[in-house]
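Numbering (UniProt numbering), first residue to last: 1 to 92. Virtual Cβ for every residue (Gly too), placed ideally from N, Cα, C.
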């Protein structure tokens, strides 16, 4: 009976871990989509009235900004996943 209870607790912890993991991924992908597609394409005309480094902001987001944001999101994801793994006692 004890093994069955341990298995149930493990599956609950795994489910909670994956829910948190997927929530983090979806959130970060939504941010990346908003920055790359939204700022680089949808809102480009509005953003082009502002300049960054001598270039219109919409152009900058389309060419450079979305890449920088993607790299920052990767770093953020690594930090958050390490914390999530510690929370669920899955770290190395």
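Residue 62 holds the alpha-carbon nearest to the alpha-carbon of residue 43 among 55, 20, 62. Residue range 66–87 is occupied by the alpha helix (DSSP H) that includes residue 71. Excluding residues up to 5 positions away in sequence, 28, 31, 32 lie with their Cβ nearer than 7 Å to the Cβ of residue 73 in the same chain. In the same chain as residue 80, and ignoring 5 residues on each side of it, the C-beta atoms closer than 7 Å to its own belong to 24, in chain order.
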